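Using the working numbering, the first residue of the sequence shown is number 5, and each one after it goes up by one.
C-beta: ideal position from N, C-alpha, C; glycine also.
All values reported here derive from a predicted model rather than from experimental measurement.
Contents: one structure, followed by commentary.
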Amino acid sequence: MKTVVKLFIVTIAILFTSCEDVIDVEVQQGPERLVIEASIDWEKGTPGNEQTIRLRKSTPFFDTNTNTAVTGATVDITNTNTQEQFVFTDQNDGTYTTDSFVPVLGQSYSLRIAHDGEIYTATETMTSVADITNVFQDREDGFDEELLEVHLVFTDPVDEENNYLFKFQRRGDLLPELEVAEDEFVNGNEIDWWYELEDDDEDGENQGPFAPGDTVDIEFFGISRQYYDYIKILISQIGGVGLFESTPVAVRGNCINETNPDNYPFGYFRLTEVVRTSYTFTEE
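Set out below in structure tokens:
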């Protein structure tokens, strides 16, 4: 009887295998676009003169081509208050660099990129960030009282509209995690912002919850309201996808194509002040 059952199972398996058809699903692809990664970040306590802008071409969602660097472009930033211009030099690998940038808080800057016969522009304001006053660990405020969380303490400036971006990445994890905050209901108060890693990790992006000995790198940015609105939507869209890859809905940044508006770019031109720190968890 066991032999008959085995033969029956094998026969069914062969029938199902022979009935399989390969179905090619046509995925709609948008036009190739310029991707602008123009994050001018001024770390507190540094001159902020060394800055890098990255240009590349967008790729279809399932495309594995990694050679998307854009070279041969002309890139510069101008302080619109003083008219001082900063030219970024092509490094022939998709990056454009300068060592002469002068960041000034509260002043407006304009970005100009000339590439392939078209002109791309954007304008933003250099935005300040509060000082971090304390970093510590705890288990009380997270979603799971058994898990460790890191706390970042700062005081929001009074009588200002402030928006913040947090970037957390445990050393050894594949991707960082981004979070945003606004001070609409906490203006002028001391803020305790905590971050906890979940116990499960279905995507394989991290190694589970924090444990003693883990070190998390933290970046704390002051951002404009426009960038806050942009990055909040983008965070909700990307999931485990790279920041400027294909998303369910194309997210438009503040960069525009002056020559051909329909051929708009992806990415954003931001100018932020940033505080960077790290924390190593200990035994409690």
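Work out the CA separation of residue j and residue i for me, nearest whole Å.
i	j	result
residue 154	residue 141	5 Å
residue 32	residue 218	Any reading at residue 32 must be qualified, since the residue scores a pLDDT of 48, below 50, and its modelled position is unreliable; the value itself is stated next. Roughly 42 Å separates the two Cα atoms.
residue 124	residue 149	49 Å
residue 265	residue 59	18 Å
residue 43	residue 287	37 Å
residue 284	residue 87	44 Å
residue 45	residue 147	32 Å
residue 268	residue 216	47 Å
residue 159	residue 256	32 Å
residue 165	residue 145	26 Å
residue 258	residue 37	15 Å
residue 77	residue 94	7 Å
residue 49	residue 35	42 Å
residue 106	residue 92	13 Å
residue 202	residue 120	45 Å
residue 235	residue 196	21 Å
residue 56	residue 212	33 Å
residue 279	residue 63	32 Å
residue 187	residue 83	28 Å
residue 41	residue 100	10 Å
residue 198	residue 282	14 Å
residue 102	residue 162	35 Å
residue 183	residue 108	25 Å
residue 139	residue 240	27 Å
Looking at residue j and residue i, is the spacing between their C-beta atoms short of 9 Å?
i	j	result
residue 175	residue 233	no
residue 262	residue 54	no
residue 151	residue 143	yes
residue 136	residue 224	yes
residue 273	residue 47	no
residue 238	residue 131	no
residue 39	residue 270	yes
residue 79	residue 126	no
Ignore the nearest five residues each way along the sequence and tell me which others in residue i's own chain have a CB closer than 7 Å to its CB.
i	result
residue 180	171, 172 and 173
residue 85	111 and 112
residue 104	53 and 90
residue 194	157 and 159
Once you ignore the five residues that flank residue i on each side, which residues in its own chain have a CB closer than 6 Å to its CB?
i	result
residue 81	90, 113 and 115
residue 185	168
residue 277	46, 132, 133 and 226
residue 229	167
residue 96	75
Sorted by chain position, which residues of the same chain lie with C-beta nearer than 8 Å to residue i's C-beta, five sequence neighbours on each side aside?
i	result
residue 98	58, 59, 60, 72, 73, 74 and 75
Runs of alpha helix (DSSP H) wholly within the stretch 115-161 (minimum 4 residues, chain order)
Here no run is fully enclosed.
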